[in-house]
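Visitor:
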Amino acid sequence: IVRLGSCSDTTWQWADFSSALKVNQSLKCLDLTASEFLDAGVKLLCLTLRHPKCVLQKLSLENCQLTEACCKELSSALIVNQRLTHLCLAKNDLGDGGVKTLCEGLSYPECQLQTLVLSHCNINRHGCKYISKLLQGDSSLTSLDLGFNPIATGLCFLYEALKKPNCNLKCLGLWGCPITPFSCQHLASALVSSRSLETLDLGQDAWGQSGIVVLLKALKQNHGSLKMLRLKMDKSTVEIQRLLKDGRRTIPDS
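The sequence shown maps to residues 812 to 1065 in this note's numbering.
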């Protein structure tokens, strides 16, 4: 494991670093969080990811000042590199356009990525639509973090994907996403239908007591595979306490 957080090297220095990655065939995890990598640096790194001698399995580019412009290179690298299984792109302004490009690469059967972190990436409704289409295909993706994105009504697209029998997603993070009471019904329906989802993180989401009741009632009749649910509750009623007890009996032990 190598962590090079908060680096501000030049493009030429990143080129030297990328070349070194081709030589070192023991490095499996690389953390470049908060480095001034920029889009130009990512292009150099992607050349390395495409190299047959690159053995990286886990890569973090969190808060590296990346934009939509680098996503085409990343998408192409994900198709070629069949060793990389974990990619963190959190806190980069990728937007819906960047997500669309990434999803195009992730949809290829050659791509073996399992975990994708896209929290704080300025993803909106359209981005969710692209992700939903990906999840309904034969994607290898099993863990997705979309925390703190203004996805709003785009959540409905994600919920529809969870209902599909060919959706392989096991872990979904929606921490800090703006969720309306209306979307609670859609999520409840998805929880009842999903056969793959095991972990759902809804922490810091303002559901309100009515929304929580809707979700807990869904868990009561859930015959799926959900094992862990994270919720935020400011207050608790007698009904909520009763439903929580029923939910614990309903959700299977991990």
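The C-beta atom is built at its ideal place from N, Cα and C for all residues, glycine as well.
Looking only at C-alpha atoms, which of Ile890, Glu884, Leu955 sits nearest to Cys922?
Guide: The shortest C-alpha separation from Cys922 is found at Ile890.
Visitor: Distance check for Ile962 and Ile942, CA to CA, integer angstroms please.
Guide: About 12 Å.
Visitor: Can you tell me whether DSSP reads Ser830 as helix, strand or coil?
Guide: Helix at Ser830.
Visitor: Going by DSSP in three states, Arg894 sits in which element: helix, strand or coil?
Guide: In the structure shown, Arg894 sits in coil (DSSP, three-state: anything other than H, G, I, E or B).
Visitor: Which of the three DSSP states, helix, strand or coil, is assigned to Lys911?
Guide: If DSSP states are grouped into helix, strand and coil, Lys911 belongs with the helices.
Visitor: Starting from the N-terminal side, write out each stretch of the alpha helix (DSSP H) that is 4 residues or longer and does not extend beyond the segment 970-1036.
Guide: List check, alpha helix (DSSP H) in window: 992-1004, 1019-1031.
Visitor: Find the nearest neighbour of Leu796 within the set Asn960, Leu1027, Met1039, judged by alpha-carbon distance.
Guide: Lying before the first or after the last residue shown, residue 796 is absent from the chain, which here runs from 812 to 1065.
Visitor: Would you identify the three-state DSSP class for Arg814, choosing helix, strand or coil?
Guide: Low confidence applies to Arg814: its pLDDT is 49, below 50, so where it sits in the model is not reliable, and the reading given next is rough at best. Strand.
Visitor: Please confirm if the segment 905-923 is in contact with the segment 850-869, defined as three or more CB-CB distances below 8 Å between the two stretches.
Guide: With a cut-off of 8 Å, the segment 850-869 and the segment 905-923 do not count as touching, because too few Cβ pairs lie within range.
Visitor: Could you please give the first and the last residue of the uninterrupted alpha helix (DSSP H) stretch that includes Lys940?
Guide: First-last of the alpha helix (DSSP H) with Lys940: 936-946.
Visitor: Can you give me the Cβ contacts of Thr926 inside the same chain, cut-off strictly under 6 Å, excluding the 5 residues immediately before and after it?
Guide: If we look at Thr926 and ignore the five residues flanking it on each side, its Cβ neighbours are His897, Ser954.
Visitor: Quick one: what's Lys869 bridged to in DSSP?
Guide: Lys869 is bridged to Cys840, His897.
Visitor: According to the Cβ coordinates, are Ser930 and Tyr970 closer than 8 Å?
Guide: For Ser930 and Tyr970, no; Cβs fall outside 8 Å.
Visitor: Candidates Gly1014, Glu847, Arg894: which alpha carbon is nearest Leu838's?
Guide: Of the listed residues, the one whose Cα sits closest to Leu838 is Arg894.
Visitor: Who are the Cβ neighbours of Ala831 in its own chain at under 7 Å, not counting the five residues just before and after it?
Guide: Same-chain partners within the cutoff: there are none.
Visitor: Looking at the structure shown, is Leu957 part of a helix, part of a strand, or coil, going by DSSP?
Guide: Coil.
Visitor: Using the C-alpha atoms, what's the distance from Cys875 back to Ile1023?
Guide: Distance between the alpha carbons of Ile1023 and Cys875 is about 36 Å.
Visitor: Does the separation of the CB atoms of Leu774 and Ser871 fall below 8 Å?
Guide: Limits of the chain in this structure are 812 at one end and 1065 at the other, which puts residue 774 out of reach.
Visitor: Taking its Cβ as the centre, do 16 or more other Cβ atoms sit within 10 Å of Val928, making it buried, or is it exposed?
Guide: Classification for Val928: buried.
Visitor: Check this for me: beta carbons of Leu952 and Leu973, under 8 Å apart or not?
Guide: Contact: no.
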